[in-house]
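Yeah, the sequence shown ends on 691 if you go by the working numbering, and it's all consecutive. Input: a single structure, listed below in structure tokens.
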Amino acid sequence: MHRNTADWSGDIINWHNVNIGQAFGGPTTYYVQSRDPLHLHASERNWQKIRDMYGQVPGGMFGGDENCRPGFTGPRQAVETCGMVEAMLSHETLLTITGSGVWADRCEDVAFNSFPAAMTPDLKSLRYLTAPNMVQSDSKNKSPGLQNGGPMLHFNPHGHRCCQHNVGHGWPYYAEHLWLATPDNGLAAVLYAASEVNAKVGDGTEVTIAEKTTYPFDERIEFTISTGKAVRFPLYLRIPGWCSKPQVAINGKAMGNEAQALSYLVIERTWSDGDRVVLVLPMEISLRRWTRNLDSVSVDRGPLTYSLKIGEKYVRQGGTEEWPAWEIYPTTAWNYGLVLNESDPAAGFEVVKKPWPKDNQPFEINATPIVLRTKAKRIPNWKMDHLGLVGKIRQSPIASDEPVETVTLVPMGAARLRIASFPTIGAGPDAHQWPEAPVPFGGMASHCWGSDSVEAISDGLVGKNSNDHSIPRFTWWPRQGSKEWIQYKLKKPSKVSAVEVYWFDDTGGGGCRTPAAWRLLYKDGEKFKEVMGAGTYGTEKDKFNKVTFDPVETTMLRIEVQLKPQVSGGILEMKVK
Ligand SMILES: [Zn+2]
115 MHRNTADWSG DIINWHNVNI GQAFGGPTTY YVQSRDPLHL HASERNWQKI
165 RDMYGQVPGG MFGGDENCRP GFTGPRQAVE TCGMVEAMLS HETLLTITGS
215 GVWADRCEDV AFNSFPAAMT PDLKSLRYLT APNMVQSDSK NKSPGLQNGG
265 PMLHFNPHGH RCCQHNVGHG WPYYAEHLWL ATPDNGLAAV LYAASEVNAK
315 VGDGTEVTIA EKTTYPFDER IEFTISTGKA VRFPLYLRIP GWCSKPQVAI
365 NGKAMGNEAQ ALSYLVIERT WSDGDRVVLV LPMEISLRRW TRNLDSVSVD
415 RGPLTYSLKI GEKYVRQGGT EEWPAWEIYP TTAWNYGLVL NESDPAAGFE
465 VVKKPWPKDN QPFEINATPI VLRTKAKRIP NWKMDHLGLV GKIRQSPIAS
515 DEPVETVTLV PMGAARLRIA SFPTIGAGPD AHQWPEAPVP FGGMASHCWG
565 SDSVEAISDG LVGKNSNDHS IPRFTWWPRQ GSKEWIQYKL KKPSKVSAVE
615 VYWFDDTGGG GCRTPAAWRL LYKDGEKFKE VMGAGTYGTE KDKFNKVTFD
665 PVETTMLRIE VQLKPQVSGG ILEMKVK
């Protein structure tokens, strides 16, 4: 199989999120046979590279909607439900092969923080894509903000076929990997959940261990051993990477331990029927700062990451009475930045515990048994974009004159609408203004490459140079050497006397160059006319090319280009003055 399938030993060889979830662990799986250290380490390298480039967000996954795309690395990029369950299974497999608890931590991250929000709380419907920041889950097209076109955020039991088939394996495989056998005839509790395991241990005696807990919503996990006769065997308890001071008691007696974070606490003794072990994994508030996502911040407590609680209004949209499909709309404000307690960030959060839900579904916005309260301010200019996607995050800290409010955070696995990567609120000269949302672009073009967009030319994002792939762009790719155009619609009739164009040019890697020539037209009545008195129509790279002309009154401008032979072209940004 290894010889005849795609080989992920050398590098990431495909950027589709589900392929990544399934295949990144392939080399380490093959290591069991090859014993080649290259294979053992390649999966970790794959994991790191993906998270480094596209996973600077909470929830354990990465932006790959449908593929990872350069420039689409923020918290509003999403991942497929298939991608989540495949990543969970790969993490479980790697845990059994390596024994390393790091794979358990990563598996829990996806299982608790991403996967539950991909389905409605009744588990009857799912959406194709889920992102860490996602404030409306309607059935409208979000492409190219998300790469997939179509109703990808519609919770629909009758759509998204691949995810419907795959989703069913998420929790069963997870349950199957809660307990592992150890090479010294013991048992290891590697993923924590209420469960019961039967196994032969020590000298071959069959025991049952009942595990009682509401982890990850509780720090306490209780194990009760049932055995026909006393038997000696080691019991391994996984200590997660976020837990530095685990506590353990046997039959009510506290037992000292020196277990470190990301290790196993091993209790080797002769066990008798009815012996009881209580493990406590104290959960502390901690913050992650995503420096490469403009210093946005995520809030963790133990294995759970927290989202702003946004009111959810379910609106029936298709499906059947028995299997309804839903859109979810926000009923409360979501554009908050956190007001952090800089000297002691954890002290800025109050932990509020609530009763365990009667229906055993803690991943529901109003039922979740634990919430946090903290201080925040609204950011008025942070809005949904023209696609109904949450506006892109901006550089923190952000200036805000709005009043300080107390907001509620819920586990992000319980939040189908969510802000889990927050801007922070600052003061003084270091605080940035959140710019006004760009004017929705109402234009069109003679052609636009599928993963680019006409909106990119007016999104307010200017690259570092003409070959900057980190921001959205517009291109006529793959059209080459032809005459093409793009139109720019103004908000209202305006007097225009200058236009600036920043050309896209990926010399060295791609097939786009600045055009051979171009000219500007404006709409006059029903016709487009060329502007008069125009200066130079510049085609320089790495700068805005400004052209001035006799003022015109218009609602629409059109750039007409002649592409150079055998190459295409595109625009990163355009300004109208
Ligand atoms: Zn799928």
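Note that CB positions come from ideal geometry on N, CA and C, so glycine has one too. As the structure is a prediction and not an experimental result, all values here were calculated from the model.
Using a 10 angstroms sphere on the CB of alanine 201, the tally of other CB atoms reaches 16 or more, which defines it as buried. Assigned with DSSP and collapsed to three states, alanine 307 falls in coil, not helix or strand. Between the alpha carbons of alanine 612 and glycine 577 lies a gap of roughly 21 Å.
The Cβ atoms of glycine 540 and proline 511 sit closer than 8 Å to each other. Nearest Cα to threonine 384 within the set Arg165, Ser340 and Val132: Ser340. Its Cα nearest to that of lysine 506, the residue Ile533 stands out among Val485, Ile533 and Lys489. Relative to the non-hydrogen atoms of ligand 1, the Cβ of threonine 244 never comes closer than 7 Å to any of them.
Beta-bridge analysis with DSSP links lysine 326 to Glu336. Non-local C-beta neighbours of glutamine 680 in its own chain, meaning closer than 7 Å and more than five positions away in sequence, comprise Gln594 and Gly595, ordered along the chain. Within the same chain, and ignoring the five residues on either side of leucine 501 in sequence, the residues whose Cβ sits closer than 6 Å to its Cβ are Lys256 and Gly259. For the options Arg403, Ala303 and Ser421, the alpha carbon positioned closest to that of tyrosine 288 is the one of Ala303. Assigned with DSSP and collapsed to three states, methionine 688 falls in strand. Per the coordinates, the alpha-carbon of cysteine 276 lies some 14 Å from the alpha-carbon of phenylalanine 269. Straight across, the Cα-Cα distance linking serine 204 with asparagine 659 is about 50 Å. At a threshold of 7 Å, asparagine 280 counts as near ligand 1, since its beta carbon sits closer than that to one of the ligand's heavy atoms. Short of 6 Å from the beta carbon of isoleucine 600, and not among the five residues preceding or following it, lie these beta carbons of its own chain, in chain order: Ala559 and Ile673.
Ordered by chain, the residues meeting the criterion of a beta-carbon within less than 5 Å of a non-hydrogen atom of ligand 1 are Glu194, Cys196, Cys276 and Cys277. In terms of CA proximity to glycine 683, Thr653 leads the group Gly135, Thr653 and His116.
Between the alpha carbons of glycine 213 and lysine 655 lies a distance of about 52 Å. Of the candidates Arg402, Ser148, Gly300 and Lys326, Gly300 places its Cα closest to the Cα of arginine 346.
Taking a cut-off of 8 Å on C-beta distances, the segment 358-367 does not touch the segment 405-417, as fewer than three cross pairs fall below it.
Counting C-beta pairs closer than 8 Å gives fewer than three between the segment 235-243 and the segment 149-159, which falls short of the contact rule.
Counting along the chain, glutamine 162 sits inside the alpha helix (DSSP H) bounded by residues 151-168.
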